[in-house]
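Position 47 of the sequence shown, counting from 1, maps to 47 under this note's numbering, and the rest follow consecutively.
We put the beta carbon where it would ideally sit given N, CA and C, even for glycine.
Here's the structure, in structure tokens; my notes come after.
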Amino acid sequence: MIAPSIFYLVAAFSIVSVLTAMTAAIAVIRRRLRNRRQTNPLAVKKCPNCAEQLAISALMCDECNYNFLSQSMGSRSKLLPPPEAWQTAS
Ligand SMILES: [Zn+2]
Numbered sequence: 001m002i003a004p005s006i007f008y009l010v011a012a013f014s015i016v017s018v019l020t021a022m023t024a025a026i027a028v029i030r031r032r033l034r035n036r037r038q039t040n041p042l043a044v045k046k047c048p049n050c051a052e053q054l055a056i057s058a059l060m061c062d063e064c065n066y067n068f069l070s071q072s073m074g075s076r077s078k079l080l081p082p083p084e085a086w087q088t089a090s
């Protein structure tokens, strides 16, 4: 009578440990996928003023309000700079 109960105990323990390991592995994979999405180097750009990592589509820096369109500070100037400024800047 002892041998079958031990067998069931070992079988139940094996199933529980396999399920636990699978759950942990899935959690790790999900975390890695999420991190890769956030830190994809192709999807971010660096603010030239404060070096903050921003989304490639960002027009304004969240940290220092650098304006990527006018290439100057502040949200007041929403227009592009005149062509002379572009030529001297590059
Ligand atoms: Zn900035």
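State buried or exposed for L42, treating a residue as buried only when at least 16 other CB atoms are found within 10 Å of its CB. Exposed, by the Cβ-count rule.
Could you pull out every residue in the same chain whose Cβ sits closer than 6 angstroms to the Cβ of F68, ignoring the five residues on either side in sequence? For F68, where only same-chain residues beyond five positions count, the Cβ hits under 6 angstroms are L59.
Length at least 3, wholly inside the stretch 9–47: the beta strand (DSSP E) runs in chain order: Taking only runs of at least 3 residues, the beta strand (DSSP E) segments lying wholly in the stretch 9–47 are 44–46.
Cα separation between C64 and A11? Each residue's Cα considered, the two are about 60 angstroms apart.
Determine the burial state of C61: buried for a count of at least 16 other Cβ atoms within 10 Å of its Cβ, exposed for fewer. Counting Cβ neighbours within 10 Å, C61 comes out buried, since at least 16 surround it.
Around the Cβ of Y8, are there at least 16 other Cβ atoms within 10 angstroms (buried) or fewer (exposed)? Its Cβ having fewer than 16 others within 10 Å, Y8 is exposed.
Any residue with its C-beta under 7 angstroms from a non-hydrogen atom of ligand 2 counts. Can you list them all in chain order? By its list of ligands, the structure shown excludes ligand 2, since it contains just ligand 1.
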